[in-house]
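Position one of the sequence shown corresponds to residue -14 (our numbering), numbered consecutively onward.
Note that the Cβ used here is the ideal one computed from N, Cα and C, for glycine as well.
Since we're looking at a predicted model, the values are computed, not measured.
Some notes on the structure that comes next.
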Amino acid sequence: MVLNDIFYIEDIGQMQNFAKKLSQDLKAPLIIFLKGDLGSGKTTLTRFILQELGYNGKVKSPTYTLIETYEFNNFIINHLDLYRITDPEEVLFLGLEDIMNAKTITFIEWPQKATEFLPLPDIIIEIISDKNNNSRQIKLSSKI
Ligand code: ADP
Ligand code: MG
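Shown next, in the form of structure tokens:
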């Protein structure tokens, strides 16, 4: 199934609601690309999804570590942020084949930094932010 949809988000509360709805449909294995400018809300959305899935700890941005991993009972969430890589080949050192498996849901911020070394995504989420307020447009495309 190919699903293409646009969601109109007015504020951060609606982003949390969107995360809640989306998290109900997430079943490993999945690869999710997160696109959008700096500050558009990619990390915020991932944080909300982790919280909806029951994670109570701190969710920090993987900007410096490149990857953060969260273990749940039956699945694992990988959260990557490739913003800081300067050469696409840097993702090869992450050993993605070992990190991604049947039990993982992997969110990748800035996938366009290394598209040629990444697997194809199941879902692409693009967040378009309005510089003047807290509203966002979310373009969701999915092949599942
Ligand atoms: P990114 O990971 O895309 O660079 P972040 O999630 O780190 O962006 O930052 C988004 C910022 O915008 C946060 O400070 C967040 O509180 C704020 N914000 C305001 N309104 C929204 C919204 N509707 N959705 C997501 N983030 C929002
Ligand atoms: Mg981020």
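Given this structure, state the Cα-to-Cα distance separating residue i from residue j, to the nearest angstrom.
{"i": "T54", "j": "E82", "result": "15 Å"}
{"i": "I52", "j": "I16", "result": "14 Å"}
{"i": "N63", "j": "K45", "result": "12 Å"}
{"i": "M0", "j": "F60", "result": "23 Å"}
{"i": "E(-5)", "j": "N119", "result": "6 Å"}
{"i": "F3", "j": "G80", "result": "31 Å"}
{"i": "I123", "j": "D(-10)", "result": "8 Å"}
{"i": "G21", "j": "E94", "result": "8 Å"}
{"i": "F33", "j": "K5", "result": "8 Å"}
{"i": "K116", "j": "Y(-7)", "result": "15 Å"}
Just grab the DSSP bridge partners of residue i for me.
{"i": "T91", "result": "I16 and N63"}
{"i": "F(-8)", "result": "I123"}
{"i": "Y113", "result": "Contrary to the premise, residue 113 reads as Ile rather than Tyr in this sequence. Its beta-bridge partners are Q122."}
{"i": "I(-3)", "result": "The partner list for I(-3) (beta bridge, DSSP) is empty, contrary to what the question assumes."}
{"i": "T54", "result": "N63"}
{"i": "I108", "result": "I17 and S127"}
Have a look at the options and flag the residue whose alpha-carbon is nearest the alpha-carbon of residue i.
{"i": "D66", "options": "N(-11), Y49 and E75", "result": "Y49"}
{"i": "N86", "options": "A13, L7 and Q(-1)", "result": "A13"}
{"i": "R69", "options": "F(-8), N119, F3 and Q97", "result": "Q97"}
{"i": "V76", "options": "N118, A99 and D(-10)", "result": "A99"}
{"i": "I40", "options": "I109, N58, Q(-1) and P73", "result": "Here the sequence assigns Tyr to residue 40, which means Ile is not the residue at that position. The residue with the shortest Cα to Cα distance from Y40 is N58."}
{"i": "G(-2)", "options": "D22, G26 and E74", "result": "G26"}
{"i": "T89", "options": "P47, K124, E111 and L11", "result": "L11"}
Would you grab the beta carbon distance between residue i and residue j for me? Rounded to a whole angstrom, and I think it's under 8 Å.
{"i": "S114", "j": "R121", "result": "5 Å"}
{"i": "T31", "j": "F92", "result": "5 Å"}
{"i": "E74", "j": "F102", "result": "7 Å"}
{"i": "I108", "j": "L125", "result": "7 Å"}
Step through the CB atoms of chain C and report whether any lies within less than 8 Å of the CB of residue i.
{"i": "I112", "result": "No chain C appears in the structure shown, which is made up of a single protein chain."}
How about residue i and residue j: do their beta carbons lie closer than 8 Å?
{"i": "F18", "j": "P106", "result": "yes"}
{"i": "L38", "j": "S8", "result": "yes"}
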